[in-house]
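One structure is given here, and the rest of the page talks about it.
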Amino acid sequence: MSDLASIVDLVAPVAGSGIRLSVPLLFACLAGLWSERSGVVDIGLEGKMLAAAFAAGAGAAAFHSPWAGLLAGIVVSVALALVHGFAAITQRGNQIVSGVAVNFLAAGLTVLLGQVWYGQGGRTPQLANSERFLGVDLGTLGIDPSSALGQIWSDVVSGHNVLTWCAFLAVPITWAVLWRTRFGLRLRAVGDNPQAVDTAGVSVAGLRYRAVIVCGVLAGFAGTYLAVAQSAGFVRDMTAGKGFIALAALVFAKWKPLNALGACLLFGMLDAVAIRLQGTPLPGIGTVPVQVFQALPYALTVVLLAGFIGRSIPPKASGIPYTKDR
Amino acid sequence: MRKTTFGLAAIAAVIAAPALAADIQPAILYDLGGKFDKSFNEAAYVGAEKFKKETGVDYRDFEIQNDAQREQALRNFARRGASPIVAIGFTQASSVEKVAKEFPDLKFAIVDMVVDLPNVRSIVFKEQEGSYLVGVLAAMASKTHKVGFVGGMDIPLIRKFACGYVGGVKSVDAKAEVFQNMTGTTGAAWNDPVKGGELAKSQIDRGADVVYHAAGGTGLGVLQAAADAGKLGIGVDSNQNHLHPGKVLTSMTKRVDTAIYDAFKDAKDGKWSTGVRVLGLKEAGVGWALDAHNKALITAEMKAAVDKAEKGIIDGSIKVHDYMADKTCPY
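If you want it as structure tokens, here you go:
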């Protein structure tokens, strides 16, 4: 029993930290899933998250409410998604180029606007607790808090903020909509065989625009989580490559929502383990240099992608603009 | 005759005015954390602003966006004849060395690193002494006998902070446990508050109830996480007590502001000197912050202990180990 208790003591806080770290990845990964399932490759997830984080930080500070921040984050992210959509769907431009442009635009504009508005080096004002999404303690539910189960409950399940619950809810919703509704069937079809959808008399552009808007909403949630829930304000480049890691997770997950949940949790957990094991001597090995643990998530990603998940095939028409007369 | 004198005086004044204004054109180059990191770089900004306010002499400044810009920015300042040019942060050393050699007539200064050239003033601090003092306070404030340290980039300079801190903690409570984490190994580690917050949370989960950071912008996440968890944080470089009143035990102040002010002022008054300047407790280059925001957290007993330690360090009876000297920490 004491062995079990000490293992739980070690693992439960790491698992809780892993969940916190995987939430932005999960939102972004699902955002990419919606977009790419409809045939629009979205390399601009990073930029949308960053712009949303900035808008959320500024919105929450201006209206003293995290919900205002969330709304601002979603609006800005959807606006950028529509820019990308306009270039990729209506203008049939190169989707990679347009996505990269969104990334550059967000990276530059957030810092510039932040500097002009607040004069704090691109930072938004620090948010008070009433302006943030704080963790909600679910209580003990009659489970003895000193028992192993009680500790797992309090460290892993309880104490998360409302956006974390939204992220985990978004997985079954995405699955249900894309795989169990007529809209979802058409949306997936438009990413695999847009000609067929067009022949059936359904608008390819209309479906793709709707997918891109959902992508924007989810990326808005991801950015808001970073600025208003996990931290207390926007900081320059705060996404730190999470949009690209989410894209890797999407490939890794073979464009399926439940796999995406697994991939994002794995990446989040690896990050949490890296943080926890840093500077801790391991039995039989001694203290391992910080760098080893920092490289671990990336090394594992490469290894797993190289050999362990089998072939990962994207939707057939993803990245290809649709032209009727071809 | 009188008219001519006036005329001459007027001409002289017109000629002299731009000449005076031109004789000092200070410039300052911030490190990656950015001018308003509420910490290290911001302290430099405060010093430069103070100089501008007192003397009316304006200065140029630049915030780099990536490593490649350091040399470019320094050379740009130098070509326009700016002098003294002050570079903030140890990462600027190689660029300062290169550019200072190219412009031997201009005055350069660097903070946190030694560049051995005849036209460079190197300003370094005894961070271990200030860290020792906040370590004493941390150990006395801790109820769990466990305290934490979160560093920015994993470099000897930051290990120097950590080592002094451990020394201070152990001087009060020999059995206390100190958790140490570094945020990363690149410049990005100075600006990653999310990671900083997670590191602090992981230390708090292990029982730490006071967490000291030496991580620039990353540290904002550390202080936030400590405040969110109802624990205490310790600020660094600038006085950060006001960020979370009542939740920041104290701040290890590093008077980068005074160093910058002095550099500009010396250049203006013709008292410029080069070589290495080491600023410790004795020179009031480092210290700890006590103000209205943390008054309630510092008991009379703690104040007495830290004052005693301060006196001991200044008179030499307490020797704080310098990690940079031999790359080990004996505590």
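Going down the list, the sequences are from chains A and B. Going left to right, the first sequence walks through residues 115 to 440 as our numbering numbers them. Going left to right, the second sequence walks through residues 9 to 339 as our numbering numbers them. Note that beta-carbon positions come from the ideal geometry of N, C-alpha and C, so glycine has one too.
**Study point:** Alpha-carbon to alpha-carbon, A/Gly400 and A/Arg390
**Key:** The C-alpha of A/Arg390 lies about 15 Å from the C-alpha of A/Gly400.
**Study point:** Nonlocal neighbours in the same chain, by C-beta distance under 8 Å from A/Leu118, ignoring five residues either side
**Key:** Ala262
Point to revise | Sufficient close CB pairs (3 or more, under 8 Å) joining the segment 369-379 of chain A to the segment 224-234 of chain B | key: Counting Cβ pairs under 8 Å, fewer than three are found: no touch.
Review point. Can you give, in chain order, each stretch of the beta strand (DSSP E) that sits fully within the segment 81-168 of chain B and has at least 3 residues?
Key: 93-96, 116-119, 128-133 and 154-161
Exercise for review: Determine the direct distance from the alpha carbon of A/Gly305 to that of A/Val154, and round the result to whole angstroms.
Suggested key: Across the structure, A/Val154 and A/Gly305 are spaced so that their CA atoms are roughly 8 Å apart.
Review point. Can the beta-carbon of B/Val115 be found less than 9 Å from the beta-carbon of B/Ala304?
Key: For clarity, residue 115 of chain B is Lys in the given sequence; the question names Val instead. Going by C-beta atoms, B/Lys115 is not nearer than 9 Å to B/Ala304.
Exercise for review: Scan the segment 188-211 of chain B for residues whose Cβ lies nearer than 8 Å to a Cβ of chain A and list them as they occur along the chain.
Suggested key: Listed in sequence order: Gln188, Asn189, Met190, Gly192, Thr193, Ala196, Asn199, Asp200, Pro201, Val202, Lys203, Gly205, Glu206, Leu207, Lys209 and Ser210.
Review point. For B/Gly55, does the count of other Cβ atoms within 10 angstroms reach 16, so buried, or fall short, so exposed?
Key: buried
**Study point:** Beta bridge counterpart(s) of A/Pro138 as assigned by DSSP
**Key:** The partner list for A/Pro138 (beta bridge, DSSP) is empty, contrary to what the question assumes.
Review point. How many whole angstroms separate the CB atoms of A/Val331 and A/Arg237, which I take to be in contact at a CB cut-off of 8 Å?
Key: So it is not a contact: roughly 25 Å between Cβ atoms.
Check your understanding: Counting Cβ pairs, one atom from each stretch, are 3 or more of them under 8 Å apart for the segment 106-126 of chain B and the segment 291-299 of chain B?
Key -> no
Point to revise | Best match in A/Ser345, A/Val291, A/Gly320 and A/Thr204 for proximity to A/Glu245 [C-alpha to C-alpha] | key: A/Ser345
Review point. Can you give the Cα-Cα distance for B/Gly320 and B/Gly238, rounded to whole angstroms?
Key: 33 Å
Exercise for review: Closer than 7 Å by C-beta to B/Gly160: which residues in its own chain qualify, once you throw out the five before and the five after it? Chain order, please.
Suggested key: Ile166, Thr191, Ala197, Trp198, Ala222, Ala223, Gly224 and Thr226
Point to revise | Beta-carbon contacts of A/Leu443 that lie in its chain and below 6 Å, excluding the five residues immediately before and after | key: Chain A is shown from 115 up to 440; residue 443 of chain A falls before or after that span and cannot be answered.
Review point. For the segment 64-83 of chain B, which residues have a beta carbon sitting closer than 8 Å to at least one beta carbon of chain A?
Key: Glu71
Check your understanding: If the cut is a Cβ gap below 9 Å, which residues of chain B does A/Ile133 touch?
Key -> Those within 9 Å of A/Ile133 in chain B number zero; the least Cβ separation is about 11 Å.
Exercise for review: Examine chain A for any beta-carbon lying closer than 9 Å to the beta-carbon of B/Arg167, and answer yes or no.
Suggested key: no
Practice item. Pull up the DSSP beta-bridge partners for B/Gly221, would you. Key: It should be noted that the sequence gives His, not Gly, for residue 221 of chain B. Paired residue(s): B/Val158.
**Study point:** Cβ-Cβ separation, A/Gly249 to A/Asp258 (assumed contact under 8 Å), whole Å
**Key:** Not confirmed; about 21 Å, so no contact.
Point to revise | 8 Å Cβ cut-off: residues of chain B touching A/Leu340 | key: The contact set of A/Leu340 on chain B, defined by CB atoms closer than 8 Å, consists of Val202 in chain order.
Review point. Can you list the residues of chain A that B/Asp213 reaches, using a CB-CB cut of under 9 Å?
Key: Ala126, Pro127, Val128, Gly130, Ser131, Asp269 and Arg390
Practice item. Using a Cβ cut-off of 9 Å (strictly closer), state whether B/Ala30 contacts chain A. Key: Unreliable placement is indicated for B/Ala30, whose pLDDT of 47 sits below 50; the coordinate value is still reported in the next sentence. With 9 Å as the cut-off, B/Ala30 does not count as an interface residue toward chain A.
Check your understanding: In chain order, what residues of the same chain lie with their CB nearer than 8 Å to the CB of B/Gln100, ignoring the 5 residues before and after it?
Key -> Leu37, Asp39, Arg78, Leu82, Ile118 and Met121
**Study point:** Under 8 Å from the C-beta of A/Gln265: neighbouring residues of chain B
**Key:** Neighbours of A/Gln265 on chain B: none; closest Cβ ~11 Å, over 8 Å.
Review point. Over what stretch of residues does the beta strand (DSSP E) that includes A/Ala191 continue unbroken?
Key: Before going on, a small fix: residue 191 of chain A reads as Ser here, not Ala. Run containing A/Ser191: none in the beta strand (DSSP E); it sits in the alpha helix (DSSP H), Pro180 to Gly199.
Point to revise | Contact list for the segment 43-54 of chain B against chain A, Cβ threshold 9 Å | key: Of all residues in the segment 43-54 of chain B, Lys43, Phe44, Asp45, Lys46, Asn49 and Glu50 have a Cβ within less than 9 Å of some Cβ in chain A.
Exercise for review: Name the two residues that bound the continuous alpha helix (DSSP H) containing B/Met332.
Suggested key: Tyr331 to Asp334
Review point. Pairing CB atoms from the segment 316-330 of chain A with CB atoms from the segment 152-170 of chain A, are three or more of them under 8 Å?
Key: yes
Practice item. Just the chain A side, please: which residues come within less than 7 Å of B/Gln232 by C-beta, in chain order? Key: Ser345 and Ala346
Practice item. Run down chain B in chain order and give the residues with a C-beta less than 7 Å from the C-beta of A/Val349. Key: Asn199, Pro201 and Gly225
Exercise for review: Throw me the rounded Cβ distance for the A/Phe168 and A/Ala284 pair, which I believe falls under 8 Å.
Suggested key: That belief does not hold up - the Cβ atoms of A/Phe168 and A/Ala284 are roughly 22 Å apart, past 8 Å.
Review point. If you follow the beta strand (DSSP E) that A/Lys370 is part of, which residue opens it and which one closes it?
Key: Premise fails: A/Lys370 is in no beta strand (DSSP E) and is neither H nor E.
Check your understanding: Start and end of the beta strand (DSSP E) containing B/Lys262?
Key -> Counting along the chain, the unbroken beta strand (DSSP E) around B/Lys262 starts and ends at Val256 to Lys262.
Review point. Quick one, which residues of the segment 170-198 of chain A are near chain B if we go by CB-CB under 9 Å, in chain order?
Key: none
**Study point:** Neighbourhood of B/Val177 by C-beta distance below 7 Å, restricted to the same chain and skipping five residues each side
**Key:** Gly143, Ala146, Ala147, Val155, Ala184 and Val186
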